[in-house]
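Position in the sequence shown (from 1) plus 1 gives the number in our numbering.
Ideal Cβ placement from N, Cα and C applies to all residues, glycine included.
All values derive from a computational prediction rather than experimental measurement.
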Amino acid sequence: MWDAGTPKNVKRVILMAVVKTSQESRIGIKVVNGVNASGTNVFKTLSFSNVKAAALDQDLYDVAASIAALQSKSLVEIVRTDQANLSGE
């Protein structure tokens with residue numbers, strides 16, 4: 002049997018496991034904040050930071066929807082933004 006071995010121009014790559022550590026989340030409540038001169042909607046995002054990363058999506062949605070219901074402005078969307086650190090082991 003013929004064994005060519007490892008070609009000299011091939012580099013060996015050692016892959017490390019990546020660990021994700023959740024830090025915090027933010028929630029954004031986008032509302033219509035009026036209309037500009039050309040009649041196009043103008044939007045505003047109400048932002049809330051320091052939300053626990055472990056919070057369930059449904060719970061965050063329910064809270065954000067409740068906050069939006071207190072506004073006189075129309076709700077457009079609710080956005081969750083998660084922040085995490087990645088490290089190699």
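- Boundaries around Ala-65 are those of the alpha helix (DSSP H), 58–70, since no beta strand (DSSP E) includes it.
- Inclusion of Arg-81 and Phe-49 in the CB contact set at 8 Å is not warranted, their separation being larger than that value.
- By the beta-carbon neighbour count (other beta carbons within 10 angstroms, threshold 16), Ala-85 is exposed.
- Measuring C-alpha to C-alpha distances from Leu-87 to each of Ser-67, Arg-13 and Gln-24 identifies Gln-24 as the nearest.
- Shown here, Ile-28 sits in a strand according to DSSP, grouped into three states.
- Nearest Cα to Lys-74 within the set Lys-9, Val-19, Val-36 and Val-11: Val-36.
- Counting along the chain, Arg-13 sits inside no beta strand (DSSP E), nor does DSSP assign it H or E at all.
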